[in-house]
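Structure first, then comments.
Protein chains: 2
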Amino acid sequence: MTDAVDPPKARRPNTRLEEVARAAGVSKSTVSRVINGEPYVSLKAREAVHQAITRLGYSPNQAARTLAGSRANCIALVVSEQGSRVLADPFFAGVLRGVHAELAGKRVQLVLMMSKEGDEQDLVNYLCGGHVDGVLVISLHGQDPLPRTLADAGLPTVVGGRPLGAGGVPYVDSDNFNGAMEAARYLSSLGRRRVATIAGPRDMAVGMDRLSGWKRGMSQARLPVDLVAYGDFTPESGAAAMEELLGREPELDAVFVAADIMALGALQTLHAHGKRVPEDVAVVGFDDLMIASTAVPPLTTIRQDVEQLGRTMTWRLMAELAGEENLPPFLLLPTSMVKRTSA
Amino acid sequence: MTDAVDPPKARRPNTRLEEVARAAGVSKSTVSRVINGEPYVSLKAREAVHQAITRLGYSPNQAARTLAGSRANCIALVVSEQGSRVLADPFFAGVLRGVHAELAGKRVQLVLMMSKEGDEQDLVNYLCGGHVDGVLVISLHGQDPLPRTLADAGLPTVVGGRPLGAGGVPYVDSDNFNGAMEAARYLSSLGRRRVATIAGPRDMAVGMDRLSGWKRGMSQARLPVDLVAYGDFTPESGAAAMEELLGREPELDAVFVAADIMALGALQTLHAHGKRVPEDVAVVGFDDLMIASTAVPPLTTIRQDVEQLGRTMTWRLMAELAGEENLPPFLLLPTSMVKRTSA
DNA sequence: CCAAAACCTGGGAGCGCTCCCAGAACGTCA
DNA sequence: TGACGTTCTGGGAGCGCTCCCAGGTTTTGG
Numbered sequence: 012m013t014d015a016v017d018p019p020k021a022r023r024p025n026t027r028l029e030e031v032a033r034a035a036g037v038s039k040s041t042v043s044r045v046i047n048g049e050p051y052v053s054l055k056a057r058e059a060v061h062q063a064i065t066r067l068g069y070s071p072n073q074a075a076r077t078l079a080g081s082r083a084n085c086i087a088l089v090v091s092e093q094g095s096r097v098l099a100d101p102f103f104a105g106v107l108r109g110v111h112a113e114l115a116g117k118r119v120q121l122v123l124m125m126s127k128e129g130d131e132q133d134l135v136n137y138l139c140g141g142h143v144d145g146v147l148v149i150s151l152h153g154q155d156p157l158p159r160t161l162a163d164a165g166l167p168t169v170v171g172g173r174p175l176g177a178g179g180v181p182y183v184d185s186d187n188f189n190g191a192m193e194a195a196r197y198l199s200s201l202g203r204r205r206v207a208t209i210a211g212p213r214d215m216a217v218g219m220d221r222l223s224g225w226k227r228g229m230s231q232a233r234l235p236v237d238l239v240a241y242g243d244f245t246p247e248s249g250a251a252a253m254e255e256l257l258g259r260e261p262e263l264d265a266v267f268v269a270a271d272i273m274a275l276g277a278l279q280t281l282h283a284h285g286k287r288v289p290e291d292v293a294v295v296g297f298d299d300l301m302i303a304s305t306a307v308p309p310l311t312t313i314r315q316d317v318e319q320l321g322r323t324m325t326w327r328l329m330a331e332l333a334g335e336e337n338l339p340p341f342l343l344l345p346t347s348m349v350k351r352t353s354a
Numbered sequence: 012m013t014d015a016v017d018p019p020k021a022r023r024p025n026t027r028l029e030e031v032a033r034a035a036g037v038s039k040s041t042v043s044r045v046i047n048g049e050p051y052v053s054l055k056a057r058e059a060v061h062q063a064i065t066r067l068g069y070s071p072n073q074a075a076r077t078l079a080g081s082r083a084n085c086i087a088l089v090v091s092e093q094g095s096r097v098l099a100d101p102f103f104a105g106v107l108r109g110v111h112a113e114l115a116g117k118r119v120q121l122v123l124m125m126s127k128e129g130d131e132q133d134l135v136n137y138l139c140g141g142h143v144d145g146v147l148v149i150s151l152h153g154q155d156p157l158p159r160t161l162a163d164a165g166l167p168t169v170v171g172g173r174p175l176g177a178g179g180v181p182y183v184d185s186d187n188f189n190g191a192m193e194a195a196r197y198l199s200s201l202g203r204r205r206v207a208t209i210a211g212p213r214d215m216a217v218g219m220d221r222l223s224g225w226k227r228g229m230s231q232a233r234l235p236v237d238l239v240a241y242g243d244f245t246p247e248s249g250a251a252a253m254e255e256l257l258g259r260e261p262e263l264d265a266v267f268v269a270a271d272i273m274a275l276g277a278l279q280t281l282h283a284h285g286k287r288v289p290e291d292v293a294v295v296g297f298d299d300l301m302i303a304s305t306a307v308p309p310l311t312t313i314r315q316d317v318e319q320l321g322r323t324m325t326w327r328l329m330a331e332l333a334g335e336e337n338l339p340p341f342l343l344l345p346t347s348m349v350k351r352t353s354a
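Just so you know, the protein sequences line up as chains F and X, in that order.
Each residue of the first sequence is one higher than the one before, counting from 12 in the numbering used here.
Each residue of the second sequence is one higher than the one before, counting from 12 in the numbering used here.
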């Protein structure tokens, strides 16, 4: 049923800048100025061009713009794949939504790249090759040298989540420290005295920051900080850590779990041990994923606004690209407590 | 501490094709041939070029290639934002991972676009403007005309999830029908006789296919198909639908929920009504999200391999771009049952 | 009233590559 | 030995745009 004509790809029949110029009765240069919002174009010319553009359905050829101009009108979002995939899913989707929301209206494309083992050099070559104007890095694991490398190469870069090994590279992060501190304080205000924590991995800033915040909150409440177990942001690790904690201190009456996803596992263990939540053990999570509200019992948690993280990263990058000066080297987004049933 | 020199962006100091040519002692044309894997290059020249490339860290300028050549070396992944965001998160991340995995090694960039209300025309203009070689569409809602439009414009397009309003556009989908049928059969094999279903929205193929499959499975087991309620892929809607079902038939002893995320809500309602799962009511979900295994009780569910979906879509698109003929118009990926505790 | 400044416009070089064409080098067969 | 392939190579036009420059047309101000 195919036409059987024209088997090879038909050549691009696209309207070009020149045709718009002809249709509007002006020169290519003027059309270019209008498109790029430059000054020094008469209202009359400007309107004629806009009309011609809509009439012809013209869409500028990005490749040509990039080649001729000095910028690519394109930023990259780089995701390190080696990080915990489990953490990545809702986090990543949220960030992406934020990035996209912030980019809306700007004529900037988003290209997505995931760094794999071994192809780091390719990635760096590509990114530094002038194909993108800037880079957003979601660094899920610890000492990733990528942000440093990119920044050193002079490519505007913003990292999502405090990078452990990239001093000086601008980043945006949730205020994990204060969020965790609030959790500890809240638990103490409830009258809980044997408060444990299930922390994230030691090689991730997010894990360490939440642990530090919890410790600070505990100290302020004059509570001991001995009950610490570690997980890796999976439900299984949360269950195991809870098991360990219960073994070390059967009388514990509260636990701050550094991620909702681990809290799910902890809840299971608690249930298996016949502990009632929150009567026997109060539980506070972190993140406020959708699953927090459907957990049994619904999870009290520290909410971080992941979409806002994406937005802020993008804003910071675009501001830098726009040449703004004295931008903050890092930005911390406030967290908020969401009280449900578990604590 | 900045250098205070060179405030504007430094001009691209990138190695160009010509430099590689000079370094390798050949012409631009030959380097180009090597890069594009064309025949008619002597082994000697080929090796010299490869050496020069690695030595100089050369990375071809995509913009120039696109402009000069006939293809963009770039495909787009388009996501409709109006779809249920809730459904989107893990689904989207999984698809993306698959797409990326399939693209690995190919020199093809992935640009991400989300369609918003009102900017459809812009989107179409852009996509059809020769900036991308093909499009992957994740169509989350029903009658989206986008795939049709793109396909009609001659742009190779593959849809993820059966599109409702785009007859003839190639698509890849999980075998929702057979998966749901298996769920119904399984429930019947357990001896359950009053089996309900919580279906997805009527305007989404995924919802309808799973409902059809359930009906077919029920009919084969000579069971009535009257207990149908609808949700919208949110936990809340699942809870409400379960409530409705229980109101209509307090004696129901099983329910097939067309999405794990809704099953979570259903489980809550069941719990609130004092129904034990699976003793009083058996529950089977669909998707096998990570949360299925941490639900209380752990959810028996129909697993769909979302990453494989992404891979297959990409494979299908790339095959078409490579000029392969007689490709299947659609592809269905098998599902599998994961037995846990809830049924 | 005339010079200077501000505004507006078109022409054209060139971004880095691909791809066509012409031609060189090396056969191979009548 | 020359005519014809086959394999390899370099030259150069041009992809569609931006941006610089030169020049024209207004407005401003002394």
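Yeah, the Cβ is synthetic: ideal placement off N, Cα and C, and Gly gets one too.
The beta carbon of S347/X sits closer than 7 Å to the beta carbons of R314 from its chain, once the five residues preceding and following it are set aside; these are given in chain order.
In this structure the region 214-223 of chain F touches the region 183-196 of chain F; the number of beta carbon pairs closer than 8 Å is three or more.
For the alpha helix (DSSP H) assignment, the uninterrupted runs of no fewer than 4 residues enclosed by the region 240-270 of chain X are, from N- to C-terminal side, 246-259. Take the alpha-carbon of A32/F and the one of G211/X: they are about 51 Å apart.
Pairing L138/F with A164/F gives a Cβ-Cβ distance under 9 Å. Every unbroken stretch of the beta strand (DSSP E) spanning 3 or more residues and falling wholly within the region 286-317 of chain X is given here in chain order: 293-298 and 311-314.
Taking G141/F as the centre and dropping the five residues before and after it, the same chain places the C-beta of A83 closer than 7 Å to its C-beta, in chain order. R233/X has its alpha-carbon roughly 60 Å from the corresponding atom of L67/F. Within the same chain, and ignoring the five residues on either side of E262/F in sequence, the residues whose Cβ sits closer than 8 Å to its Cβ are R205. Taking a contact as a CB-CB distance under 8 Å, the pair V146/F and A216/F does not count as one, their CB atoms being some 19 Å apart. With contact defined as three or more Cβ pairs closer than 8 Å, the region 331-339 of chain F and the region 302-318 of chain F are not in contact. Across the structure, S91/X and D214/F are spaced so that their CA atoms are roughly 36 Å apart.
In the structure shown, Q120/X falls within a strand segment according to DSSP collapsed to helix, strand and coil. Under the Cβ criterion (8 Å, minimum of three pairs), the region 257-275 of chain X counts as touching the region 284-301 of chain X. For K350/X, the CB contacts under 8 Å within the same chain, skipping 5 residues up- and downstream, are T311 in chain order. Between G228/X and the set A59/X, R196/X, T65/X and H61/X, the nearest pair of CA atoms involves R196/X. Nearest neighbour of G285/X by Cα position, chosen from E254/X, I272/X and I302/X, turns out to be E254/X. A Cβ-Cβ separation of about 11 Å leaves P156/F out of contact with V148/F under the 8 Å criterion. A check of alpha carbon separations from A177/F across T160/F, A251/F and E193/F identifies T160/F as the nearest. With a threshold of 9 Å between beta carbons, R108/X makes contact with chain F.
For Q319/F, there are no C-beta contacts with chain X under 9 Å, since the nearest C-beta of that chain is about 15 Å from it. Residue pairing by DSSP places F341/F opposite Y182/F in a beta bridge. CA-CA distance, S126/F to M273/X, rounds to 34 Å. Of the residues assessed, P167/X falls on the buried side of the cut-off, its CB having 16 or more other CB atoms within 10 angstroms. Beyond the five residues adjoining it in sequence on each side, R327/X comes within less than 7 Å, by CB distance, of V169, P181, V183, L338 and L342 in the same chain, given in chain order. Taking a 10 Å sphere around the C-beta of N47/X, we find fewer than 16 other C-beta atoms and assign the residue as exposed. At least one C-beta of chain X is nearer than 9 Å to the C-beta of G140/F.
Taking a beta-carbon distance threshold of 9 Å, L121/F counts as an interface residue toward chain X. Check the Cα spacing between K117/F and each of N72/F, A63/F, M329/F and L123/F: the tightest is with M329/F. Ranked by Cα distance from G36/F, the options T26/F, P50/F, N25/F and R57/F are led by R57/F.
D133/X has a beta carbon lying within less than 9 Å of a beta carbon in chain F.
Taking each of S81/X, A74/X and C85/X in turn and checking the Cα distance to S81/F, the smallest one comes out for A74/X.
For the region 269-292 of chain F, the set of residues with a beta-carbon nearer than 9 Å to any beta-carbon of chain X comprises I272, L275, G276, L278, Q279 and H282, in chain order. Secondary structure at L238/F: coil, using DSSP grouped into helix, strand and coil. Residue contact with chain F for I46/X: absent (no Cβ-Cβ distance below 9 Å to any residue of chain F). For A333/F, the secondary structure class from DSSP, reduced to helix, strand or coil, is coil.
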